[in-house]
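**Student:** Here's a structure for you.
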Amino acid sequence: MTAEPPITGETPLTTEPSAPAGPLAEKAATAKSPRALKAARMRRSLARFWKEYRTHRSGLWGLAALILIALIAICAPLLVGADSESVTDAPGQAMEDPSGEFPLGTDQFGRSVLALLVWGSRVSLTVGLLAAFLCVAIGTVVGIVAGHFRGWYATVLMRVTDWFLVMPTLVLAIALATVMDRSMWTVILAIGITTWPTTARLVRAQTLAVESRPYIERARALGGGHGHIMLRHVLPNVMPLVLAQTTLVISSAILTESTLAFLGLSDPTVTSWGGMLQDAREAGAVSAGHWWYLAPPGLAIALVALAFTLCGRAVESVLNPRLGVAR
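Residues 10 to 336, numbered by our numbering, are exactly what the sequence shown covers, in order.
What follows is the structure, encoded as structure tokens:
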């Protein structure tokens, strides 16, 4: 005979499988939040963008040059020292020829031109990026508002845009920089205020095209207000154009900043590439033939402008393949 298990007050454990979850429970378990779905779509979009961008060799060269210049600008204190801009502690003699100690020679104060070139990249890039951001921000707001609203709102905005568009940009920037304080923020403000009309025109045209689509009418029929339509429907559709325009505007902003600095309208206490050209002209580097003082900042300006232009063309080609930009 076999012994029976003792009787206890505990409930015996069962090994039977639990009841299968219903379809609704499975759907709830696998469903993602709207934020997670949006993040997943963003990752897929960025992956597709990078896959297409890599096929543009010129865009890759421009991106590599920008990354290198940005790293140099960020690491300037480590590369050339924090006191390389000082006039009183200049390590060399005035206007020395290039040598092992000073690969690009010295300026009229005995400072290393290479060190000044590295420090100037910080100011030139900062002014170019911030001025381009201000320009694109103003142009995007004006373009969306002028394309969304009809009547006298759009008429007034576009007449103001046309006035800025026909006026010489450089002349307006010089006028603003002359009447305001000579500082880096004045140059940023002058460039941003005078270069936004082109962006506004492009964004307005894209806004009109977007608002003619059927889903905009459906959003209005469902009670969507002006802010909802402009922010949730129009803005995401014009952002690719805004992104491509930004990369193209940055190069123009850097050239304008260099021009204002060369004319002596920027902050004289900071070192920029345009300011270096101004200092070289005042020191007589042109007549004396000191090419090492003139050529490096000019080539740096041209290189950065070319790099941003190459990146902008590649971005524009990826976002709008019908353009057929050469790779």
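C-beta atoms are modelled at their ideal positions from N, C-alpha and C, and glycine is treated no differently.
In angstroms with no decimal places, state the Cα-to-Cα distance between residue 88 and residue 125.
**Tutor:** As a working note, residue 88 is residue 79 in the sequence shown. As a working note, residue 125 is residue 116 in the sequence shown. If you take the alpha carbons of residue 88 and residue 125, they lie about 11 Å apart.
**Student:** Just curious, the alpha helix (DSSP H) that residue 215 is in, first and last residue?
**Tutor:** One-based indexing of the sequence shown puts residue 215 at position 206. Element bounds for residue 215: 206–220.
**Student:** Using the Cβ count rule (16 or more neighbours within 10 Å means buried), how would you classify residue 72?
**Tutor:** Counted from its first residue, the sequence shown places residue 72 at position 63. Buried: at least 16 other Cβ atoms inside 10 Å.
**Student:** For residue 77, does the count of other Cβ atoms within 10 angstroms reach 16, so buried, or fall short, so exposed?
**Tutor:** By 1-based counting over the sequence shown, the position of residue 77 is 68. Looking at its Cβ environment, which holds fewer than 16 other Cβ atoms inside 10 Å, residue 77 is exposed.
**Student:** With DSSP as the reference, label residue 275 as helix, strand or coil.
**Tutor:** Position 266 of the sequence shown holds residue 275. Residue 275 falls in the coil class under three-state DSSP.
**Student:** With 16 other CB atoms within 10 Å as the buried threshold, where does residue 296 fall?
**Tutor:** Position 287 of the sequence shown holds residue 296. Result: exposed.
**Student:** Counting C-beta neighbours from all protein chains within 10 Å, is the total for residue 338 16 or more, i.e. buried, or is it exposed?
**Tutor:** Examination of residue 338 is not possible in this model, given that the chain is present from 10 through 336 alone.
**Student:** Using the C-alpha atoms, what's the distance from residue 172 back to residue 151?
**Tutor:** Here residue 151 refers to the residue found at position 142 of the sequence shown. Here residue 172 refers to the residue found at position 163 of the sequence shown. Residue 151 and residue 172: Cα-Cα distance of roughly 14 Å.
**Student:** If we ignore side chains and look at the alpha-carbon of each, how far apart do residue 149 and residue 310 end up?
**Tutor:** Walking along the sequence shown from the start, residue 149 turns up at place 140. Walking along the sequence shown from the start, residue 310 turns up at place 301. One C-alpha to the other measures close to 27 Å.
**Student:** Does the Cβ-Cβ distance between residue 261 and residue 170 come in under 9 Å?
**Tutor:** Position 252 of the sequence shown, counted from the first residue, corresponds to residue 261. Position 161 of the sequence shown, counted from the first residue, corresponds to residue 170. Their beta carbons are not under 9 Å apart, which means residue 261 does not touch residue 170 by this criterion.
**Student:** When burial is assigned at 16 or more other CB atoms within 10 Å of the CB, is residue 240 buried or exposed?
**Tutor:** Position 231 of the sequence shown, counted from the first residue, corresponds to residue 240. Residue 240 should be labelled exposed.
**Student:** Using the rule of at least 16 other Cβ atoms within 10 Å of the residue's Cβ for burial, across every protein chain shown, is residue 120 buried or exposed?
**Tutor:** The sequence position of residue 120 within the sequence shown is 111, counting from 1. Buried, by the Cβ-count rule.
**Student:** With H, G and I counted as helix, E and B as strand and the rest as coil, what does DSSP make of residue 320?
**Tutor:** Translated into positions along the sequence shown, residue 320 becomes position 311. Residue 320: helix per DSSP, three-state reduction.
**Student:** Just how far apart, CA to CA, sit residue 223 and residue 307?
**Tutor:** Against the sequence shown, residue 223 aligns to sequence position 214. Against the sequence shown, residue 307 aligns to sequence position 298. So the alpha carbons of these two residues sit roughly 51 Å apart.
**Student:** What residue ranges within the segment 57–114 form continuous alpha helix (DSSP H) runs of no fewer than 4 residues, ordered along the chain?
**Tutor:** 66–83 and 85–89
**Student:** Could you please give the first and the last residue of the uninterrupted alpha helix (DSSP H) stretch that includes residue 189?
**Tutor:** For this step, residue 189 is matched to residue 180 along the sequence shown. Careful: residue 189 lies outside any alpha helix (DSSP H) and carries neither H nor E.
**Student:** In or out: residue 106 buried (at least 16 other Cβ within 10 Å) or exposed?
**Tutor:** In the sequence shown, counting from the first residue as 1, residue 106 sits at position 97. Exposed, by the Cβ-count rule.
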